[in-house]
Amino acid sequence: MPELFFDGFGPERIVEVYHPKLNIRGIVVIDNTALGPGKGGIRFTPSVDKAEVFRLARTMTWKCAIAGLPFGGAKAGIIGDPKSLTPRQKDEWVAAFAKLLRGISPEHYVAAPDMGMAEREMGVFARANGSLKSCTGKPEKMGGLPHELGSTGFGVFHSVIVALRHLGKKCEDVTFAVEGFGNVGESTCKFLTESGARLVAVSDSKGALVVPDGIDFERLKKVKKARGTVAAYGGKVLPSKDLIFQDVDVLVTAAIPDLIRMKDVPKIRAGLIVEGSNIPTTIECEQALAKKGVLVVPDFVANAGGVISSYVEYIGGRERKMFSLVEEKVRKNTSVVLGSAEKQGIIPRMAALRIAQERVRAKCKSCR
Ligand code: NAD
1210 MPELFFDGFG PERIVEVYHP KLNIRGIVVI DNTALGPGKG GIRFTPSVDK AEVFRLARTM
1270 TWKCAIAGLP FGGAKAGIIG DPKSLTPRQK DEWVAAFAKL LRGISPEHYV AAPDMGMAER
1330 EMGVFARANG SLKSCTGKPE KMGGLPHELG STGFGVFHSV IVALRHLGKK CEDVTFAVEG
1390 FGNVGESTCK FLTESGARLV AVSDSKGALV VPDGIDFERL KKVKKARGTV AAYGGKVLPS
1450 KDLIFQDVDV LVTAAIPDLI RMKDVPKIRA GLIVEGSNIP TTIECEQALA KKGVLVVPDF
1510 VANAGGVISS YVEYIGGRER KMFSLVEEKV RKNTSVVLGS AEKQGIIPRM AALRIAQERV
1570 RAKCKSCR
């Protein structure tokens, strides 16, 4: 596991907080604020530590920079097991953490939900902090944009369209598979099927459904809701992992980390992989996939719809603004990254990283 390190970009601040009465410990890492206040979620797990928070904060620095948002990168952690708390106790913890962060949020840190945190907790956080600008992902009545709108999946969909165009293909002519049928996976399936692409395989934690003639999205949604798994749709069902080996034009990842390993690379048949999930593979695998002729759109480019939606909430925008900004930014960023990668003969992740670093350096007086 990589440790925390200091380099030419940050981290600028590492804040540790402690609430003696409730015995709560928390961490905030503000990695770089050259482009704006540090943006990033709060992770509430028993194992979260400084190194993990730092890694996630650094990822946010690049994600916000590549998305062209006026946010820097940050992340926070509350050390504890949220499942062991009653809803009232959890509110108490979140409120205490928010009060401890009043000196840095919202000026230097803008929070959001991450593991163990959701809309309700963001409402508690904002109330305890005293500013609606202290976090995004709030309930709708506090100016939040509902998670169910599927902003991340909407962005993943646009990333697929642009990448297909880069390969000289059209949406209506392709087949696709989606790993995971949660928030990101379901909305990606919706927008792609509506645009004429054929969904032939989809998975969740219980299995991978394969229907070469095509899966009806509305029926699939009903089956998942009623029976709890896509495997109950009716069709061939394989182990979840086998989804990645299906013979499709496009593979979208939308569930677990470390999904594609080196030993899987020779068996991948998709020509395009769009990373809707975070860290579904390693840079070495992406390089090996590129050698095989598989184009991979990296996570922090393809799944930026969520943070773009957060920005719209932050500036007080509503649903329409969110959809238009996600479309505009994800399309532009995917196109710039793929064009730059091709021109330089490097993989898209490296091209995206270079662009993000240049953007941060251009505004950062204290960076090396
Ligand atoms: P979610 O909890 O809503 O859905 C996850 C889905 O993955 C579920 O359908 C679950 O059954 C399925 N799943 C679990 N284990 C699986 C397995 N082994 N094989 C196949 N499917 C499996 O989560 P989400 O919000 O859709 O997030 C998915 C990924 O996208 C995560 O990596 C997350 O970090 C990333 N992401 C999410 C957002 C967002 O706005 N939700 C934004 C950026 C990145």
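The sequence shown runs 1210 to 1577 under the numbering used here.
Ideal placement from N, C-alpha and C gives every residue a C-beta, glycine not left out.
Three or more Cβ pairs closer than 8 angstroms define a contact, and the region 1248-1264 meets that threshold against the region 1231-1239. In this structure, Ser-1414 has its beta carbon less than 6 angstroms from a heavy atom of the ligand NAD.
DSSP, reduced to helix, strand and coil, places Cys-1573 outside both helices and strands of the structure shown, so it counts as coil.
In the displayed model, Thr-1402 falls within a helix according to three-state DSSP. In the structure shown, Thr-1462 adopts extended strand secondary structure according to DSSP, grouped into three states. Collapsing the DSSP output to three states places Lys-1292 in a helix. Under DSSP, Tyr-1318 forms a beta bridge with Gly-1247.
Under the three-state reduction of DSSP, Phe-1306 is assigned to helix. A buried status is given to Gln-1455, since no fewer than 16 other beta-carbon atoms sit within 10 Å of its beta-carbon. Assigned with DSSP and collapsed to three states, Asp-1508 falls in helix. In terms of side-chain proximity, the C-beta atom of Ala-1440 is found no nearer than 6 angstroms to any non-hydrogen atom of the ligand NAD. Residues of the same chain with a CB within less than 6 angstroms of the CB of Met-1326, apart from the 5 flanking positions on each side, are Ile-1251, Phe-1253 in chain order. In this structure, DSSP gives Gly-1286 an extended state, which the three-state scheme calls strand.
By the Cβ-count criterion, Phe-1215 is exposed, with fewer than 16 other Cβ atoms from all chains shown falling within 10 Å of its own Cβ. Taking every protein chain shown into account, the CB of Ile-1469 has 16 or more other CB atoms within 10 angstroms, so this residue is buried.
Each residue's CA atom was taken as its position, placing Arg-1478 and Tyr-1227 some 50 angstroms apart. With contact defined as three or more Cβ pairs closer than 8 angstroms, the region 1515-1533 and the region 1490-1497 are not in contact. In the DSSP assignment, Thr-1384 falls outside any alpha helix (DSSP H) and lies within the beta strand (DSSP E) extending over 1384-1388.
Proximity to Ser-1486 across Asp-1473, Gly-1502, Val-1506, Lys-1476 peaks at Val-1506, based on C-alpha coordinates. By the C-beta criterion, the region 1367-1383 is judged not to be in contact with the region 1408-1422, since fewer than 3 inter-stretch pairs fall below 8 angstroms. For Thr-1295, the shortest C-beta to heavy atom distance toward the ligand NAD is 6 angstroms or greater. When the Cα atoms are used, Glu-1395 and Glu-1522 turn out to be separated by approximately 22 angstroms. DSSP places Phe-1218 outside both helix and strand once states are collapsed to three, so it counts as coil. Segment contact: the region 1263-1277 against the region 1557-1567, three or more CB-CB distances shorter than 8 angstroms; contact assigned.
Take Leu-1534, set aside five residues on each side of it, and the residues of its chain with a beta-carbon closer than 7 angstroms to its own are Ile-1517, Val-1521, in chain order. For the pair Lys-1347 and Ala-1560, the Cα-to-Cα distance works out to about 34 angstroms. Residue nearest to Asp-1323 within the set Ala-1266, Gly-1364, Gly-1281, His-1375 is Ala-1266 (criterion: CA-CA distance). In the DSSP assignment, Lys-1259 falls outside any beta strand (DSSP E) and within the unbroken alpha helix (DSSP H) covering 1259-1276.
In the three-state reduction of the DSSP assignment, Asp-1413 falls in the strand class. Here DSSP, grouped into helix, strand and coil, assigns Gly-1281 to strand. As DSSP reads the structure, Phe-1253 sits in a beta bridge with Ile-1287. For Glu-1484, the pairing in a beta bridge is given by DSSP as Thr-1462. Taking a C-beta distance under 7 angstroms as the contact criterion, Ala-1285 and Gly-1247 do not qualify as a contact pair. DSSP, read as helix, strand or coil, puts Asp-1425 in coil. Taking Thr-1268 as reference, the option from Thr-1397, Glu-1316, Pro-1448, Ala-1513 with the minimal CA-CA separation is Ala-1513.
About 6 angstroms separates the Cβ atoms of His-1356 and Asn-1392, confirming a contact at the 8 angstroms cut-off.
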